[in-house]
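Structure first, then comments.
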Amino acid sequence: MIDRQRILLDLIGRARGNPKRTQLMKWLFLLKEETAIGKSVSFYEFVPYKYGPFSFLAYRELSALCQSGVVDEKTLSIPEASRETVRSETAKLSHGARQAVAGIVDRYGALSLERLMEDVYNRYPWYTVRSEVETKAALPKAKEAVFTVGYEGRTIDGLLDHLLKNGIRQLVDVRQNALSRKYGFSGKTLRKYCEDVGISYVHLPSLGIPSRLRTNLDSDEAYVRLFDKYERDILPKQAQAIREAAKLSLSMPSALMCFEKDHHFCHRGRLVSYVASEAGLPVEHL
C-alpha cells in the first residue's frame, strides 16, 4: 500500500458517519488544494467532471479497497475485520499527513454534501466546467496550432486537466503500442477517460517507433541516433498517417501524445514538424 491510499483510508476512518463517494472525493481534493500534502506524497490529481473535481485514479483505488474488503462498499466505512490492518497502515503516515487529514475532516466533515459542493464550486470554479449541476467557468479556446504533450510524471487526471486547461479537444496517441504500466494510459481505458471529459481519442500507431528500436537509450547521442533513424527510415513511409494527423489537427485543437515529458527526448518532437507543415500550422509543446 502507498501513502495516498493510506490517506484515503485515514479520511474514511475519521469521517463522521458514512460519507458518500462524492463527499470523499471533495475531501481528497481539498486536501490537495489546502494542505502541503502533495509536496511530500505522490498524491491524486483532479479533473473537472460531472460533480466538480474528480480523480479517476482515486475512484479506481477506492474500488480496489472495497473489492479487497478493507472498506465496506455500501457504507464506505472500515469493517471490524479490517480495523487493525487500517490502523497499522495509517500509522505509517507522517505526523504532518495525519494532521492534514484531521484538519480537513474537522473543517469540512460536518458539512452536508450540498453545502460542501457549493463551497467547492464557489472557490474553485474551474472544476465546474464539465459539471451537470452548475457551471461557473468556461472551457478555454486554444489557438490554432499542432500541439504535443507527454504524460511522463502525470496521473491520468493530471493529463486530462492539463489538456482541458489548454483548450485541447482531441488526443492523438502516436505510440506504436497504446500500452502502459501506468494506470489510465492504455488504449481502451485512456479512450474512455478522454471521452468522459469531452476529449476525442485517436490512435495512429504507424507514427510510433517500434519497441525493438528503443534499446540502449543511455545518452543524448543515443536518442539523436534513434530519432534520426525514425526521420530517415520510418516517416517517409507514413505520408498518409501524417496527412491524417494534420487533418485531425485542423478539425479541432489536437495534441500528439507520447510518454516522454521533454519533447526533445521523444519522437513526437520530430514528427510534429511534418504534421505542422502539412497542416500549415505552428507548433506548440504543452
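In my numbering, the protein residues as written are 81 to 366.
Beta carbons: idealized from backbone N, C-alpha and C, even for Gly.
All of these numbers come straight from a predicted model, not from anything done at the bench.
- What residues match up with Tyr-188 in a beta bridge as DSSP calls it? Within the sequence shown, numbered from 1, the residue matching residue 188 stands at position 108. In DSSP, Tyr-188 forms no bridge with anything.
- Message: On a Cα-Cα basis, can you pick out the residue from Ala-222, Ile-289, Lys-327 and Leu-137 that is closest to His-347?
- Response: Along the sequence shown, one-based indexing puts residue 347 at 267. Looking at the Cα atoms, Ile-289 is the closest of the given residues.
- Message: DSSP has Thr-228 in a bridge; who is on the other side?
- Response: For the purposes of this step, residue 228 is taken as the residue at position 148 of the sequence shown. Paired residues: Leu-336 and His-365.
- Task: Assign His-344 to one of two classes, buried (16 or more other C-beta atoms within 10 Å of its C-beta) or exposed (fewer than that).
- Result: Within the sequence shown, numbered from 1, the residue matching residue 344 stands at position 264. By the 10 Å Cβ count, His-344 comes out exposed.
- Selection from Met-332, Glu-311, Ala-171 and Leu-91 that minimises the alpha carbon distance to Tyr-354: To locate residue 354, count along the sequence shown from 1; it is residue 274. Of the listed residues, the one whose Cα sits closest to Tyr-354 is Glu-311.
- Task: Taking 8 Å as the threshold, find out whether the stretch 176–194 comes into contact with the stretch 296–305 through three or more Cβ pairs.
- Result: no
- Message: Nearest by alpha-carbon distance to Ser-122: which of Glu-153, Val-226, Ser-334 and Gly-233 is it?
- Response: As a working note, residue 122 is residue 42 in the sequence shown. Residue Gly-233 is the option with its Cα nearest to Ser-122.
- Message: Can you list, in chain order, the residues of its chain with a C-beta nearer than 6 Å to that of Tyr-207? Leave out the 5 residues immediately preceding and following it.
- Response: As a position in the sequence shown, residue 207 is number 127, starting the count at 1. Cβ neighbours of Tyr-207 beyond the five flanking positions: Pro-128, Gly-132 and Pro-133.
- Query: Gln-85 by DSSP, collapsed to three states: which one?
  - Reply: Indexing the sequence shown from 1 puts residue 85 at position 5. It is helical.
- Item | Buried versus exposed, by CB contacts within 10 Å (16 or more), Arg-195 | Start at 1 with the first residue of the sequence shown, and residue 195 comes out as number 115. Result: exposed.
- Item | Counterpart residues of Gln-250 in DSSP-defined beta bridges | As a first step, residue 250 is located in the sequence shown; it is residue number 170 there, counting from the start. In the DSSP output, where bridge partners are listed per residue, Gln-250 has Ser-280 and Ser-334.
- Query: Given that a residue counts as buried once 16 or more other Cβ atoms are within 10 Å of its Cβ, and exposed if not, what is Asn-154?
  - Reply: Against the sequence shown, residue 154 aligns to sequence position 74. Asn is not the amino acid found at residue 154; the sequence shown has Lys there. Exposed: under 16 other Cβ atoms inside 10 Å.
- Message: Just to confirm the assignment: which complete beta strand (DSSP E) runs, minimum length 3, are found wholly within the stretch 118–187?
- Response: 127–129 and 132–134
- Query: Are the beta-carbon atoms belonging to Ile-92 and Ser-157 less than 9 Å from one another?
  - Reply: Start at 1 with the first residue of the sequence shown, and residue 92 comes out as number 12. Start at 1 with the first residue of the sequence shown, and residue 157 comes out as number 77. Yes, they are a contact pair.
- Message: So, for Met-332: in the same chain, excluding its five sequence neighbours on each side, which residues have a beta-carbon less than 8 Å away from its beta-carbon?
- Response: On the sequence shown, residue 332 is found 252 positions in, with the first residue counted as 1. The residues are Arg-249, Gln-250 and Ser-280.
- Extent of the continuous alpha helix (DSSP H) to which Ser-357 belongs: Taking the sequence shown and counting its residues from 1, the one referred to as residue 357 is at position 277. Its alpha helix (DSSP H) spans residues 348–359.
- Taking all protein chains shown into account, decide if Val-150 is buried (16 or more other Cβ within 10 angstroms of its Cβ) or exposed. In the sequence shown, the residue the question calls residue 150 occupies position 70. Classification for Val-150: buried.
- Item | Close-in-space but distant-in-sequence residues of the same chain around Pro-99 (CB under 6 Å, 5 per side omitted) | Numbered from its first residue, the sequence shown carries residue 99 at position 19. So the qualifying residues of the chain are Leu-156.
- Item | Contact under 9 Å by Cβ, Asn-349 with Thr-228 | As a first step, residue 349 must be located in the sequence shown, where it is residue number 269. As a first step, residue 228 must be located in the sequence shown, where it is residue number 148. The question names Asn, but residue 349 is Gly in the sequence shown. In contact: Gly-349 and Thr-228 (Cβ atoms closer than 9 Å).
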